[in-house]
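The opening position of the sequence shown corresponds to residue 80 in this note's numbering, with each subsequent residue numbered one higher.
Take a look at the structure below.
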Amino acid sequence: MRRIVSVSLGSSKRDHRVSLNILGQDFVVERIGTDGNMARAIELL
């Protein structure tokens, strides 16, 4: 399974995660907000 992540400095209240299958490949796509915490954003990268 492949994981696609968008790390944002925006609000964590808008975090979202979805699983999908495209042409037989499984993917998890998610958005992770860090509430303006730059150190946390860097940690996630």
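All residues carry an ideal CB built from backbone N, CA and C; glycine is no exception.
- Between the beta-carbon of F106 and that of I83 there is about 6 Å, and that keeps the pair under the 8 Å contact cut.
- Boundaries of the beta strand (DSSP E) around R81: 81-87.
- Under the rule that a run must span 3 or more residues, the beta strand (DSSP E) segments found entirely inside the stretch 95-124 read 95-101, 104-112.
- Counting other Cβ atoms within 10 Å of its Cβ, G115 stays below 16 and is therefore classed as exposed.
- About 11 Å separates the CB atoms of S90 and I111; that is not less than 8 Å, and the two are not in contact.
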